[in-house]
Amino acid sequence: TAIAVEELFRVGADTFVRVGTTGALRREIKLGDLIISSAAVRYDGVSKIYVDSEYPAVASLDVLLALIEAADELGVRYHVGITASSDSFYVGQGRPGFKNYLPKQWSDIHLRLAEVNVLNFEMEASTIFTLANIYGGRGGAVCAVIANRATDEFVPGAGVEDAIKVANEAVRILKEWDDLRAEKKITYLSASTLSEWYLRSRKSR
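To convert, count from 1 in the sequence shown and add 3; that's our numbering.
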């Protein structure tokens with residue numbers, strides 16, 4: 004993930020949206036729902052090479068709001084909250100490794116995270132958020148729930164098409180917001196500016 008972000012920054016990219024699949028940790032989240040990440044718990048190793056573990060992995064407000072707006076427009080079911088990112092699919096997410104190897108501190112990690120309202124496990128968001136913030140870019144993530152650890156359900160591909168559509172629509176929205184910034188010569192989008200955009204966009208449809 005870090006390699007891709009590094010190389011894309013070098014060729015001029017500044018906005019990164021992770022689109023993929025995820026496992027939910029909370030019972031109320033259904034298969035096929037989308038999870039839009041507002042921040043990520045940094046259980047990966049890569050981001051810790053770049054900056055101390057106390058540095059927060061947070062999504063860009065622009066990207067977060069654009070993903071929410073897109074999901075609303077498309078009428079899909081979604082949740083917004085904190086994600087946990089681990090570069091270990093097995094032990095690091097509380098699954099036994101080879102010969103059932105599972106250190107005690109990881110055996111109930113999915114339960115402990117659910118208790119503090121972390122919504123899901125995936126493997127890339129924390130690195131994308133951390134690098135995007137360090138380099139002054141924008142990062143976000145939308146993932147389709149194909150598994151639920153609380154209910155022990157799994158359906159490959161559930162919600163994936165919706166996640167792709169939401170990400171594509173969010174990128175279109177971000178382009179409109181960037182154009183509005185340039186027009187008004189502003190850096191940040193206030194609630195009143197977004198309200199103006201909303202009314203303008205509805206009139207043009």
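Backbone N, C-alpha and C define an ideal beta-carbon position, used for all residues, glycine too.
- Using a Cβ-Cβ distance cut-off of 8 Å, the segment 117-128 and the segment 79-97 are in contact, since at least three pairs of beta carbons, one from each stretch, lie closer than that value.
- Looking at the DSSP output, Phe-19 shares a beta bridge with Gly-142.
- Val-8 is positioned such that its CB atom lies closer than 9 Å to that of Thr-130.
- Note on the segment 50-103: whole beta strand (DSSP E) runs with a minimum of 3 residues are 81-89, in chain order.
- Rounded to the nearest angstrom, the Cβ distance from Thr-154 to Arg-45 is 27 Å, too far for a contact under 8 Å.
- Look at the beta carbons and you see the segment 71-85 not touching the segment 104-115: under three pairs across the two are nearer than 8 Å.
- Ala-173 and Tyr-104 have their alpha carbons spaced roughly 41 Å apart.
- Pairing Phe-92 with Ala-170, the inter-Cα distance amounts to about 24 Å.
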